[in-house]
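A.B. asks:
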Amino acid sequence: MAAEFDAFLASGLRWFCHVDDDNYVNPWALLRLLRAFPAALDVYVGRPSLNRPIRASEPQPRNRTRLVQFWFATGGAGFCINRKLALRMVPWASGSHFVDTSALIRLPDDCTVGYIVECKLGNRLRPSPLFHSHLETLQLLGAAQLLEQVTLSYGVFEGKLNVIKLPGPFSPEEDPSRFRSLHCLLYPDTPWCPQLVVP
Numbered sequence: 001m002a003a004e005f006d007a008f009l010a011s012g013l014r015w016f017c018h019v020d021d022d023n024y025v026n027p028w029a030l031l032r033l034l035r036a037f038p039a040a041l042d043v044y045v046g047r048p049s050l051n052r053p054i055r056a057s058e059p060q061p062r063n064r065t066r067l068v069q070f071w072f073a074t075g076g077a078g079f080c081i082n083r084k085l086a087l088r089m090v091p092w093a094s095g096s097h098f099v100d101t102s103a104l105i106r107l108p109d110d111c112t113v114g115y116i117v118e119c120k121l122g123n124r125l126r127p128s129p130l131f132h133s134h135l136e137t138l139q140l141l142g143a144a145q146l147l148e149q150v151t152l153s154y155g156v157f158e159g160k161l162n163v164i165k166l167p168g169p170f171s172p173e174e175d176p177s178r179f180r181s182l183h184c185l186l187y188p189d190t191p192w193c194p195q196l197v198v199p
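Each residue of the sequence shown is one higher than the last, beginning at 1 in UniProt numbering.
#1: Evaluate P91 with the Cβ neighbour count: other Cβ atoms within 10 Å of its Cβ, from every protein chain shown; 16 or more gives buried, anything less gives exposed.
#2: Nearest to P53 by CA position, among S171, Y115, L186, is which residue?
#3: Can you list, in chain order, the residues of its chain with a C-beta nearer than 6 Å to that of N162? Leave out the 5 residues immediately preceding and following it.
#4: Can you tell me which of A73, Q69, N82 puts its alpha carbon nearest to the alpha carbon of A39?
#5: Put Q145 into one of helix, strand or coil per three-state DSSP.
#6: Which term fits N63, buried or exposed, when burial requires 16 or more other beta carbons within 10 angstroms of its beta carbon?
#7: Under 8 Å: do the segment 41-51 and the segment 109-128 share three or more Cβ pairs, one atom per stretch?
#8: Using C-beta distances below 8 Å, list every residue in its chain close to G95, excluding the 5 sequence neighbours before and after it, in chain order.
#9: If you compare alpha carbons, which of R55, T74, P61 is closest to L67?
#10: Give me the DSSP bridge partner(s) of P127.
#11: For the alpha helix (DSSP H) that W28 lies in, which residues bound it at each end?
#12: Using a Cβ distance threshold of 8 Å, determine whether the segment 99-111 contacts the segment 23-43, with at least three qualifying pairs required.
#13: On the premise that A29 lies in contact with V150, defined as a C-beta separation below 8 Å, what is that separation, rounded to the nearest angstrom?
#14: Classify R62 as helix, strand or coil using the three-state DSSP reduction.
#15: Nearest to K165 by alpha carbon, out of L87, R32, F179, W15?
#16: For V113, does the three-state DSSP call read helix, strand or coil?
#17: Within 10 Å of its beta-carbon, does D110 have 16 or more other beta-carbons around it, so buried, or fewer, so exposed?
#18: Along the chain, where does the beta strand (DSSP E) containing F16 start, and where does it finish?
#19: What's the C-alpha gap between K120 and T112?
#20: In or out: Y187 buried (at least 16 other Cβ within 10 Å) or exposed?
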């Protein structure tokens, strides 16, 4: 994630969004969400990974540690940070500093982002139910709700295939993630989407 963050800083763009390679991103829903935030705010938005803050031990001088707790957005569902906040994160997140910060608290990269935002900068995660990982029961999302979601995922959860519930146009064998079918629901004019024949 450190390389992604540095590439974002060099880009001059307004938003840094991290998503995993097993996510489907709905760009229209993402833009609608991001446009809702005033430019003056520091924004870190995503879905909390846990239903409570995570705890970590932060090393202190004289071989002491301090217990810290903070919220973080799960990387498996995706999250976004605006440039204003990202620039404040630089001392802990740019170059090799990100890996160093992660090693300091002994937690993975998505947790490290939450630690920097909440513990180092005193900001907070803005939870959004529009980001989804494979750790939730995705079948509970109705077809009408799918159009509004920012990210969706798929995978195996508790020994079962966990995918959104969506009929055709592709069979589950052709489209096990259901992402192709979702894409055709969102963008029916895509050349590889089967055209519906109206009698």
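Ideal Cβ positions, reconstructed from N, Cα and C, are used throughout, including at glycine.
Small disclaimer: the values here were computed from a predicted structure and weren't measured.
C.D. replies: Straight from the coordinates:
#1: exposed
#2: Y115
#3: H134, L138, G155
#4: N82
#5: Note: Q145 maps to helix in three-state DSSP.
#6: Around the CB of N63, fewer than 16 other CB atoms lie within 10 Å, so the residue is classed as exposed.
#7: Touching, yes, given that three or more Cβ pairs across the two stretches are closer than 8 Å.
#8: If we look at G95 and ignore the five residues flanking it on each side, its Cβ neighbours are A2, D6.
#9: R55
#10: G46
#11: 27-35
#12: no
#13: 5 Å
#14: coil
#15: F179
#16: helix
#17: buried
#18: Where F16 is concerned, the enclosing beta strand (DSSP E) stretches over 15-18.
#19: 11 Å
#20: exposed
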